[in-house]
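As C-alpha coordinates, this is what we get:
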(Lines of atoms letter the chains of each structure in order from A and count residues from 1; the text may use other names and numbers.)
(Lines give C-alpha, C1' and ligand atoms only; values in the text may rest on other atoms or scores of the structure.)
Protein backbone atom coordinates (compact mmCIF):
# COMPACT_ATOMS: atom_id res chain seq x y z
CA UNK A 1 0.00 0.00 0.00
CA UNK A 2 2.02 2.98 1.24
CA UNK A 3 5.26 1.10 1.94
CA UNK A 4 7.99 -0.22 -0.35
CA UNK A 5 11.23 -2.14 0.11
CA UNK A 6 12.49 -5.07 2.16
CA UNK A 7 15.54 -3.97 4.14
CA UNK A 8 15.50 -0.32 3.00
CA UNK A 9 11.78 0.19 3.62
CA UNK A 10 10.03 3.46 2.76
CA UNK A 11 6.57 4.47 4.02
CA UNK A 12 4.93 7.68 2.79
CA UNK A 13 2.09 9.59 4.43
CA UNK A 14 0.18 12.88 4.27
CA UNK A 15 -2.08 14.78 1.89
CA UNK A 16 -1.48 17.68 -0.47
CA UNK A 17 -3.47 20.19 1.61
CA UNK A 18 -3.12 18.52 5.01
CA UNK A 19 -0.88 19.88 7.75
CA UNK A 20 2.14 18.04 6.35
CA UNK A 21 3.46 15.23 4.22
CA UNK A 22 6.20 12.93 5.36
CA UNK A 23 8.17 9.72 5.10
CA UNK A 24 9.40 7.01 7.44
CA UNK A 25 12.49 5.10 6.35
CA UNK A 26 13.47 1.89 8.11
CA UNK A 27 16.63 -0.16 7.57
CA UNK A 28 19.05 2.74 7.17
CA UNK A 29 22.51 1.70 8.38
CA UNK A 30 23.76 3.35 11.55
CA UNK A 31 26.53 5.91 11.23
CA UNK A 32 25.54 7.55 7.93
CA UNK A 33 26.25 11.32 8.12
CA UNK A 34 22.92 13.13 7.72
CA UNK A 35 21.61 16.62 8.36
CA UNK A 36 18.96 18.93 6.94
CA UNK A 37 21.32 20.59 4.49
CA UNK A 38 22.00 17.28 2.75
CA UNK A 39 18.45 17.25 1.35
CA UNK A 40 18.25 20.79 -0.01
CA UNK A 41 19.87 20.37 -3.44
CA UNK A 42 17.56 17.56 -4.58
CA UNK A 43 14.50 19.13 -2.96
CA UNK A 44 15.22 22.35 -4.86
CA UNK A 45 15.23 20.41 -8.14
CA UNK A 46 11.72 19.10 -7.40
CA UNK A 47 10.21 22.49 -6.51
CA UNK A 48 7.60 24.27 -8.60
CA UNK A 49 7.76 27.88 -9.70
CA UNK A 50 9.88 27.46 -12.82
CA UNK A 51 8.43 28.02 -16.29
CA UNK A 52 5.94 25.29 -17.13
CA UNK A 53 5.53 24.13 -13.52
CA UNK A 54 3.00 24.91 -10.79
CA UNK A 55 3.18 28.40 -9.27
CA UNK A 56 2.56 26.87 -5.83
CA UNK A 57 5.66 27.52 -3.77
CA UNK A 58 6.54 25.79 -0.51
CA UNK A 59 9.71 25.99 1.57
CA UNK A 60 9.98 22.19 1.54
CA UNK A 61 12.32 22.15 4.53
CA UNK A 62 12.81 18.62 5.87
CA UNK A 63 12.31 18.27 9.62
CA UNK A 64 14.18 15.21 10.90
CA UNK A 65 12.03 13.86 13.72
CA UNK A 66 13.69 10.54 14.54
CA UNK A 67 16.55 8.25 13.65
CA UNK A 68 19.27 10.95 13.59
CA UNK A 69 21.52 11.94 16.49
CA UNK A 70 24.63 14.12 16.39
CA UNK A 71 24.23 14.44 12.60
CA UNK A 72 24.45 10.67 12.05
CA UNK A 73 21.83 7.99 11.54
CA UNK A 74 21.23 5.83 14.61
CA UNK A 75 19.95 2.67 12.93
CA UNK A 76 16.40 3.43 14.12
CA UNK A 77 13.62 4.40 11.67
CA UNK A 78 14.02 7.91 10.27
CA UNK A 79 10.92 10.12 10.17
CA UNK A 80 10.95 13.29 8.05
CA UNK A 81 8.14 15.87 7.94
CA UNK A 82 7.44 18.62 5.41
CA UNK A 83 4.93 21.33 6.30
CA UNK A 84 2.20 22.42 3.87
CA UNK A 85 1.78 26.18 4.17
CA UNK A 86 0.78 27.49 0.71
CA UNK A 87 -2.60 25.83 0.14
CA UNK A 88 -5.75 27.10 -1.60
CA UNK A 89 -8.29 24.44 -0.78
CA UNK A 90 -11.31 26.41 -2.06
CA UNK A 91 -10.09 25.73 -5.62
CA UNK A 92 -11.13 22.10 -5.14
CA UNK A 93 -14.58 22.40 -3.57
CA UNK A 94 -16.30 22.16 -6.95
CA UNK A 95 -14.57 18.84 -7.62
CA UNK A 96 -17.15 17.09 -5.46
CA UNK A 97 -19.55 17.72 -8.33
CA UNK A 98 -17.13 17.47 -11.26
CA UNK A 99 -14.56 14.64 -10.95
CA UNK A 100 -11.64 15.64 -13.17
CA UNK A 101 -10.88 13.41 -16.18
CA UNK A 102 -7.50 11.73 -15.81
CA UNK A 103 -7.39 12.30 -12.05
CA UNK A 104 -8.16 9.95 -9.17
CA UNK A 105 -11.19 11.99 -8.02
CA UNK A 106 -13.86 9.54 -9.19
CA UNK A 107 -12.12 6.29 -8.26
CA UNK A 108 -11.00 7.67 -4.87
CA UNK A 109 -14.59 8.57 -3.97
CA UNK A 110 -15.81 5.16 -5.06
CA UNK A 111 -13.04 3.32 -3.18
CA UNK A 112 -13.12 5.33 0.05
CA UNK A 113 -16.81 6.16 0.20
CA UNK A 114 -16.39 9.93 0.00
CA UNK A 115 -14.23 10.12 3.13
CA UNK A 116 -11.03 10.86 1.19
CA UNK A 117 -9.30 14.23 1.38
CA UNK A 118 -10.02 15.59 -2.11
CA UNK A 119 -8.15 18.91 -1.69
CA UNK A 120 -5.29 19.15 -4.16
CA UNK A 121 -5.63 15.46 -4.95
CA UNK A 122 -5.17 14.50 -1.30
CA UNK A 123 -3.03 11.39 -0.83
CA UNK A 124 -2.89 10.89 -4.63
CA UNK A 125 -1.10 14.21 -5.18
CA UNK A 126 2.32 14.67 -6.73
CA UNK A 127 3.06 16.61 -3.54
CA UNK A 128 3.94 13.27 -1.98
CA UNK A 129 6.87 12.85 -4.36
CA UNK A 130 8.60 15.15 -1.88
CA UNK A 131 8.74 12.12 0.41
CA UNK A 132 10.31 10.01 -2.32
CA UNK A 133 13.01 12.60 -2.99
CA UNK A 134 13.88 12.70 0.72
CA UNK A 135 14.17 8.91 0.83
CA UNK A 136 16.27 9.07 -2.33
CA UNK A 137 18.79 11.40 -0.71
CA UNK A 138 19.43 8.82 1.99
CA UNK A 139 19.48 5.96 -0.53
CA UNK A 140 22.12 7.79 -2.58
CA UNK A 141 24.26 8.08 0.54
CA UNK A 142 24.03 4.32 1.03
CA UNK A 143 25.04 3.73 -2.60
CA UNK A 144 28.06 5.99 -2.17
CA UNK A 145 30.04 7.99 -4.69
CA UNK A 146 31.01 4.92 -6.74
CA UNK A 147 27.41 4.43 -7.93
CA UNK A 148 26.04 7.42 -9.85
CA UNK A 149 22.31 7.80 -10.57
CA UNK A 150 21.32 10.47 -13.11
CA UNK A 151 18.01 11.24 -14.82
CA UNK A 152 17.43 13.73 -17.65
CA UNK A 153 14.50 14.91 -19.76
CA UNK A 154 14.73 13.50 -23.29
CA UNK A 155 11.49 14.88 -24.79
CA UNK A 156 8.71 17.32 -23.96
CA UNK A 157 5.51 16.98 -25.94
CA UNK A 158 7.27 14.68 -28.41
CA UNK A 159 9.99 17.25 -29.10
CA UNK A 160 13.63 16.29 -28.36
CA UNK A 161 14.21 19.97 -27.58
CA UNK A 162 12.47 20.36 -24.18
CA UNK A 163 12.33 24.15 -24.43
CA UNK A 164 10.70 24.03 -27.85
CA UNK A 165 8.23 21.41 -26.65
CA UNK A 166 7.30 23.56 -23.67
CA UNK A 167 6.86 26.67 -25.83
CA UNK A 168 4.52 24.75 -28.13
CA UNK A 169 2.43 23.73 -25.11
CA UNK A 170 2.27 27.30 -23.85
CA UNK A 171 1.19 28.52 -27.28
CA UNK A 172 -1.50 25.83 -27.44
CA UNK A 173 -2.61 26.62 -23.86
CA UNK A 174 -2.62 22.91 -23.10
CA UNK A 175 -0.55 20.49 -21.03
CA UNK A 176 2.02 18.06 -22.40
CA UNK A 177 3.86 14.93 -21.34
CA UNK A 178 7.47 13.88 -21.76
CA UNK A 179 10.14 11.18 -21.73
CA UNK A 180 12.71 10.94 -18.94
CA UNK A 181 15.80 8.72 -19.09
CA UNK A 182 17.70 7.37 -16.10
CA UNK A 183 21.23 5.97 -16.16
CA UNK A 184 23.21 4.34 -13.36
CA UNK A 185 26.97 3.86 -13.53
CA UNK A 186 29.13 1.74 -11.21
CA UNK A 187 26.68 -1.04 -10.40
CA UNK A 188 28.18 -4.42 -9.52
CA UNK A 189 27.22 -7.63 -11.30
CA UNK A 190 24.53 -9.65 -9.55
CA UNK A 191 21.79 -7.32 -8.27
CA UNK A 192 18.36 -8.82 -8.82
CA UNK A 193 16.60 -12.13 -8.25
CA UNK A 194 14.57 -14.24 -10.70
CA UNK A 195 11.58 -14.29 -11.15
CA UNK A 196 9.48 -11.77 -9.26
CA UNK A 197 12.32 -9.82 -7.69
CA UNK A 198 14.24 -9.07 -10.86
CA UNK A 199 15.85 -5.64 -10.91
CA UNK A 200 13.49 -4.58 -13.68
CA UNK A 201 10.45 -5.81 -11.74
CA UNK A 202 11.40 -3.84 -8.63
CA UNK A 203 12.31 -0.70 -10.56
CA UNK A 204 9.04 -0.80 -12.50
CA UNK A 205 7.12 -1.26 -9.26
CA UNK A 206 8.78 1.77 -7.67
CA UNK A 207 8.62 3.92 -10.81
CA UNK A 208 4.86 3.51 -11.13
CA UNK A 209 4.49 5.01 -7.64
CA UNK A 210 5.39 8.34 -9.30
CA UNK A 211 2.10 9.99 -10.32
CA UNK A 212 1.64 10.42 -14.10
CA UNK A 213 4.06 7.65 -15.16
CA UNK A 214 2.44 5.52 -17.88
CA UNK A 215 5.28 3.42 -19.29
CA UNK A 216 8.82 2.12 -18.80
CA UNK A 217 11.42 0.51 -21.07
CA UNK A 218 14.94 -0.80 -20.47
CA UNK A 219 17.79 -0.53 -22.97
CA UNK A 220 16.43 -0.82 -26.50
CA UNK A 221 12.99 -1.18 -24.95
CA UNK A 222 10.04 -1.51 -27.31
CA UNK A 223 12.34 -1.10 -30.31
CA UNK A 224 13.65 -4.59 -29.48
CA UNK A 225 10.41 -6.06 -30.81
CA UNK A 226 11.46 -4.95 -34.31
CA UNK A 227 15.04 -6.27 -34.11
CA UNK A 228 16.62 -9.57 -35.07
CA UNK A 229 18.35 -11.60 -32.34
CA UNK A 230 21.83 -10.91 -33.63
CA UNK A 231 21.06 -7.20 -33.77
CA UNK A 232 19.74 -7.03 -30.23
CA UNK A 233 22.31 -9.24 -28.48
CA UNK A 234 25.19 -7.47 -26.69
CA UNK A 235 28.57 -9.16 -27.39
CA UNK A 236 30.63 -9.69 -24.22
CA UNK A 237 34.13 -8.36 -24.86
CA UNK A 238 36.08 -8.93 -21.62
CA UNK A 239 36.10 -10.88 -18.35
CA UNK A 240 34.44 -8.04 -16.42
CA UNK A 241 31.26 -8.58 -18.47
CA UNK A 242 31.66 -5.38 -20.49
CA UNK A 243 29.62 -5.50 -23.68
CA UNK A 244 30.19 -3.88 -27.06
CA UNK A 245 26.62 -2.55 -27.10
CA UNK A 246 24.05 -2.09 -24.35
CA UNK A 247 20.67 -2.90 -25.83
CA UNK A 248 19.82 -4.90 -22.70
CA UNK A 249 20.18 -1.72 -20.66
CA UNK A 250 22.56 -3.29 -18.15
CA UNK A 251 20.18 -6.05 -17.03
CA UNK A 252 20.11 -9.67 -18.27
CA UNK A 253 17.86 -12.31 -16.75
CA UNK A 254 16.67 -9.67 -14.31
CA UNK A 255 20.21 -9.31 -12.92
CA UNK A 256 22.69 -6.46 -13.39
CA UNK A 257 25.56 -7.37 -15.72
CA UNK A 258 28.03 -4.64 -14.75
CA UNK A 259 27.25 -2.34 -17.67
CA UNK A 260 25.44 0.97 -17.43
CA UNK A 261 21.81 0.63 -16.32
CA UNK A 262 19.63 2.51 -18.80
CA UNK A 263 15.86 2.91 -18.78
CA UNK A 264 13.24 5.45 -19.82
CA UNK A 265 9.79 6.37 -18.54
CA UNK A 266 6.80 7.98 -20.25
CA UNK A 267 5.09 10.76 -18.31
CA UNK A 268 1.55 11.64 -19.37
CA UNK A 269 0.31 15.20 -19.97
CA UNK A 270 -0.93 16.93 -16.83
CA UNK A 271 -4.59 15.97 -16.47
CA UNK A 272 -5.44 19.46 -15.15
CA UNK A 273 -5.26 21.14 -18.55
CA UNK A 274 -6.27 24.82 -18.89
CA UNK A 275 -8.62 23.78 -21.70
CA UNK A 276 -12.33 23.26 -21.11
CA UNK A 277 -13.28 19.61 -20.67
CA UNK A 278 -16.39 17.55 -20.33
CA UNK A 279 -17.16 15.31 -17.39
CA UNK A 280 -20.04 13.97 -15.37
CA UNK A 281 -21.76 16.30 -12.94
CA UNK A 282 -22.37 13.95 -10.02
CA UNK A 283 -25.32 15.96 -8.72
CA UNK A 284 -27.19 16.46 -11.98
CA UNK A 285 -26.20 13.16 -13.54
CA UNK A 286 -25.46 14.99 -16.80
CA UNK A 287 -22.20 15.38 -18.73
CA UNK A 288 -21.28 19.06 -18.62
CA UNK A 289 -18.46 21.38 -19.70
CA UNK A 290 -16.13 22.63 -17.00
CA UNK A 291 -12.59 23.93 -16.57
CA UNK A 292 -10.07 23.01 -13.89
CA UNK A 293 -9.13 25.81 -11.51
CA UNK A 294 -6.09 25.94 -9.25
CA UNK A 295 -2.32 25.83 -9.69
CA UNK A 296 -0.94 23.03 -11.79
CA UNK A 297 2.11 21.99 -13.80
CA UNK A 298 1.87 22.50 -17.54
CA UNK A 299 4.38 19.67 -17.91
CA UNK A 300 4.84 17.32 -14.96
CA UNK A 301 7.84 15.69 -16.67
CA UNK A 302 9.95 18.80 -15.95
CA UNK A 303 10.01 17.94 -12.24
CA UNK A 304 10.27 14.17 -12.60
CA UNK A 305 14.06 13.59 -13.09
CA UNK A 306 15.01 14.03 -9.43
CA UNK A 307 12.04 11.88 -8.35
CA UNK A 308 13.07 9.16 -10.79
CA UNK A 309 16.62 9.26 -9.41
CA UNK A 310 15.18 8.91 -5.91
CA UNK A 311 13.06 5.79 -6.50
CA UNK A 312 15.90 4.24 -8.51
CA UNK A 313 18.31 4.83 -5.63
CA UNK A 314 15.75 3.37 -3.19
CA UNK A 315 15.54 0.12 -5.16
CA UNK A 316 19.30 -0.14 -5.61
CA UNK A 317 20.04 0.61 -1.94
CA UNK A 318 17.63 -2.15 -0.95
CA UNK A 319 19.38 -4.63 -3.26
CA UNK A 320 22.85 -3.57 -2.07
CA UNK A 321 21.82 -4.18 1.55
CA UNK A 322 20.22 -7.52 0.66
CA UNK A 323 23.40 -8.59 -1.10
CA UNK A 324 25.43 -7.43 1.94
CA UNK A 325 27.41 -5.12 -0.31
CA UNK A 326 26.77 -2.31 2.17
CA UNK A 327 27.29 -2.69 5.94
CA UNK A 328 24.46 -2.22 8.44
CA UNK A 329 26.81 -0.08 10.53
CA UNK A 330 29.16 2.48 8.97
CA UNK A 331 32.54 2.55 10.70
CA UNK A 332 33.48 5.78 12.46
CA UNK A 333 36.39 6.20 10.06
CA UNK A 334 34.08 5.71 7.05
CA UNK A 335 31.53 8.12 8.48
CA UNK A 336 34.16 10.81 9.00
CA UNK A 337 35.50 10.35 5.47
CA UNK A 338 31.98 10.61 4.03
CA UNK A 339 31.30 13.70 6.13
CA UNK A 340 34.46 15.41 4.88
CA UNK A 341 33.65 14.52 1.26
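Residue numbers (the working numbering): 9 to 349. Here a beta-carbon is modelled for each residue, glycine too, at the ideal position from N, C-alpha and C. Note that this is a predicted model, so its numbers are computed, not measured.
Which same chain residues end up closer than 8 Å to residue i when comparing Cβ atoms and leaving out the 5 residues on each side of it in sequence?
{"i": "residue 54", "result": "68, 137, 138, 141, 311, 314, 315"}
{"i": "residue 177", "result": "60, 164, 165, 183, 184, 306, 307"}
Kindly indicate which residue of the options has the alpha-carbon position closest to the one of residue i.
{"i": "residue 224", "options": "273, 279, 329, 92", "result": "273"}
{"i": "residue 125", "options": "242, 90, 21, 221", "result": "21"}
{"i": "residue 278", "options": "134, 16, 74", "result": "134"}
{"i": "residue 164", "options": "209, 318, 184, 51", "result": "184"}
{"i": "residue 191", "options": "268, 107, 180", "result": "268"}
{"i": "residue 187", "options": "199, 179, 200, 173", "result": "173"}
{"i": "residue 298", "options": "334, 282, 305, 309", "result": "282"}
{"i": "residue 300", "options": "108, 181, 324", "result": "108"}
{"i": "residue 276", "options": "318, 221, 216, 194", "result": "221"}
{"i": "residue 270", "options": "335, 194, 201, 325", "result": "194"}
{"i": "residue 111", "options": "123, 104, 129", "result": "129"}
{"i": "residue 158", "options": "239, 317, 340", "result": "317"}
{"i": "residue 236", "options": "249, 250, 219, 255", "result": "255"}
{"i": "residue 284", "options": "181, 234, 216, 196", "result": "181"}
Assuming residue i is part of the beta strand (DSSP E), what are its boundary residues?
{"i": "residue 274", "result": "269-275"}
Is it right to say residue i is buried, meaning 16 or more other beta carbons lie within 10 angstroms of its own, or is it exposed?
{"i": "residue 337", "result": "exposed"}
{"i": "residue 170", "result": "buried"}
{"i": "residue 252", "result": "exposed"}
{"i": "residue 153", "result": "exposed"}
{"i": "residue 71", "result": "exposed"}
{"i": "residue 75", "result": "buried"}
{"i": "residue 9", "result": "exposed"}
{"i": "residue 306", "result": "buried"}
{"i": "residue 246", "result": "exposed"}
{"i": "residue 93", "result": "exposed"}
{"i": "residue 149", "result": "buried"}
{"i": "residue 292", "result": "exposed"}
Who are residue i's beta bridge partners in DSSP?
{"i": "residue 21", "result": "30"}
{"i": "residue 298", "result": "285"}
{"i": "residue 72", "result": "88"}
{"i": "residue 77", "result": "80"}
{"i": "residue 155", "result": "DSSP output for residue 155 lists no bridge partner at all."}
{"i": "residue 186", "result": "164, 275"}
{"i": "residue 12", "result": "18"}
{"i": "residue 264", "result": "259"}
{"i": "residue 375", "result": "Since the displayed the chain opens at 9 and closes at 349, residue 375 lies outside it and no answer follows."}
{"i": "residue 192", "result": "157, 269"}
{"i": "residue 251", "result": "244"}
{"i": "residue 337", "result": "38"}
{"i": "residue 201", "result": "205"}
Would you kindly report the start and end of the unbroken alpha helix (DSSP H) that includes residue i?
{"i": "residue 222", "result": "No alpha helix (DSSP H) contains residue 222, which is instead part of the beta strand (DSSP E) from 221-226."}
{"i": "residue 48", "result": "45-54"}
{"i": "residue 317", "result": "312-330"}
{"i": "residue 210", "result": "207-215"}
{"i": "residue 120", "result": "113-120"}
{"i": "residue 240", "result": "237-240"}
{"i": "residue 136", "result": "No alpha helix (DSSP H) holds residue 136; DSSP gives it neither H nor E."}
{"i": "residue 178", "result": "170-180"}
What does a CB cutoff of less than 6 Å around residue i pick up in its chain, not counting 5 residues either side in sequence?
{"i": "residue 35", "result": "15, 16, 17"}
{"i": "residue 367", "result": "Since the first residue of the chain shown is 9 and the last is 349, residue 367 is not available in this structure."}
{"i": "residue 19", "result": "10, 11, 32"}
{"i": "residue 280", "result": "300, 304"}
{"i": "residue 296", "result": "289"}
Please work out which residues of its chain come closer than 7 Å, Cβ to Cβ, to residue i, disregarding the five sequence neighbours upstream and downstream, and give them in chain order.
{"i": "residue 106", "result": "287, 289, 298"}
{"i": "residue 261", "result": "202"}
{"i": "residue 85", "result": "32, 33, 34, 74, 75"}
{"i": "residue 323", "result": "210, 211, 214"}
{"i": "residue 331", "result": "198, 199"}
Taking only heavy atoms of the ligand COA into account, decide whether any of them is closer than 7 Å to the Cβ of residue i.
{"i": "residue 68", "result": "In the structure shown, the ligand COA is absent, as is every other ligand, since no ligand is present at all."}
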